Amino acid sequence: LRKGCKYKLPNQVSSRPGPPCIPPAKIWPYKTNTAWRTTLGERIVESVTPEVTEEQCQGWHMFGDQTWCNKAMRRKGVLALSFGIEERDLYSE
């Protein structure tokens, strides 16, 4: 795991709030390492890494593989993005 990376709820086995702890690759899986591609990849990870706190959200709602910010989901007309990457995503169905 990244140095200093700690899960907020380490006993939660499915979805959990906070940034993902993505371990570095043990080997470079490609033939070349292009700086702009690395920068783009880092920007993508940063753009989907949450920085909201539990206090700001007034708690979390966890449902299977999803974690929602309570405060945001109380509003009308909310657009929620759901990434079903491990299995079928019940929210999207």
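Just so we're on the same page, our numbering is the position in the sequence shown counted from 1, plus 38.
Here a beta-carbon is modelled for each residue, glycine too, at the ideal position from N, C-alpha and C.
Everything numeric in this text was worked out from a predicted model, so none of it was measured.
Identify, in the order they occur along the chain, each residue of the same chain with its Cβ nearer than 8 Å to the Cβ of residue i, setting aside the five sequence neighbours on each side.
i, result
"residue 92", "46, 55 and 98"
Between which two residues does the beta strand (DSSP E) carrying residue i extend?
i, result
"residue 95", "From DSSP, residue 95 is part of no beta strand (DSSP E) but of the alpha helix (DSSP H) over 92-95."
"residue 105", "104-107"
"residue 98", "98-101"
Once DSSP output is grouped into helix, strand and coil, what is the label at residue i?
i, result
"residue 55", "coil"
"residue 76", "helix"
"residue 84", "helix"
"residue 63", "coil"
"residue 110", "helix"
Using CA atoms only, rank isn't needed, just tell me which of the options is closest to residue i.
i, options, result
"residue 53", "116, 114 and 102", "102"
"residue 94", "114, 109, 113 and 57", "109"
"residue 88", "64, 72 and 105", "105"
"residue 86", "115, 60 and 116", "60"
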